[in-house]
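Enquirer: This is the structure I have questions about; it appears just below.
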Amino acid sequence: MNTFFDFWCATSPRLRLICWGLWVIALCGLSRIALSPPVENGRDAQSRLHQANLLQWRTLHKIAGSADEQRLVSDDNALPFSPFDFQQAEMQLVSWQPSAEGGELALKGPWSAIPPVFRQLAERQMRITQFTLDPDENGLRITLLLERLNDG
1 MNTFFDFWCA TSPRLRLICW GLWVIALCGL SRIALSPPVE NGRDAQSRLH
51 QANLLQWRTL HKIAGSADEQ RLVSDDNALP FSPFDFQQAE MQLVSWQPSA
101 EGGELALKGP WSAIPPVFRQ LAERQMRITQ FTLDPDENGL RITLLLERLN
151 DG
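Numbering-wise, UniProt numbering puts 61 at position 61 of the sequence shown, and it's gapless, one number per residue.
What follows is the structure in C-alpha cells.
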C-alpha cells in the first residue's frame, strides 16, 4: 500500500491532475447511468402524467362551467346593495361615496367583523377592486373601492 502512495507522490502534479479529472468524469458518468431512469419508462410516465393532467383540466373546466351557470342563475336571487346593510353592532359605516361604477365604502370595526364584509359584498354582486386596512383608535378602518359585477 505504501508503494502506491510513494508512486502517487513521486508523479508530476500534471499527471495527478489528469488522473483525478478522469476519475471524476468516470464517477459522474457512472452515477448518471445508475440514477437516470430508463428512457422508455420515462416517456411512458410522462405520457401517463400528461393524460392525467388533461383529464384533470377537462374535469375542472366542466366544474367551472357549471359554477358559471349556477352564478348566472343565482344572479337573479342576488340581494340589492345598500351601504346601510353594513351598519351593524360591531361594524360602523364611516362613509359612502357613490360613483357610476360602484363607489367607495369606508367601515370601522374590530378584526373579527371584517371577513364577513367580503362575503356580504359577494352576495350583493359587488366586486372589490381595491381596499385598504388601517388601524383606528377602536379597531380597524377598512376602505373598499367597489364595482358592480353585472357592469361591463
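All C-beta atoms in this analysis are idealised placements derived from N, C-alpha and C, irrespective of residue type, glycine included.
Taking the continuous beta strand (DSSP E) assigned at Ile128, which residues delimit it?
Expert: Residues 126-136.
Enquirer: Below 8 Å on the Cβ atoms is my guess for Leu93 versus Phe86; work out the distance and round it to an integer in Å.
Expert: Their Cβ separation, rounded to whole angstroms, is 6 Å, which keeps Leu93 and Phe86 in contact under 8 Å.
Enquirer: Identify whether Thr3 lies in helix, strand or coil by the three-state DSSP scheme.
Expert: Looking at Thr3 - three-state DSSP - the assignment turns out to be helix.
Enquirer: Relative to the C-alpha of Leu140, which candidate in Gln56, Ala113, Trp20 has its C-alpha closest?
Expert: Ranking Gln56, Ala113, Trp20 by Cα distance to Leu140 puts Ala113 first.
Enquirer: Am I right that Leu145 and Glu104 are in contact with their C-beta atoms under 8 Å? What's the rounded C-beta distance?
Expert: The pair is a contact, with the Cβ atoms about 5 Å apart (cut-off 8 Å).
Enquirer: Count the other CB atoms, across all protein chains shown, that sit within 10 Å of the CB of Gly109; report buried if there are 16 or more and exposed otherwise.
Expert: By the 10 Å Cβ count, Gly109 comes out buried.
Enquirer: For Ala106 versus Thr143, is the C-beta spacing smaller than 8 Å?
Expert: A contact, by the Cβ cut-off of 8 Å.
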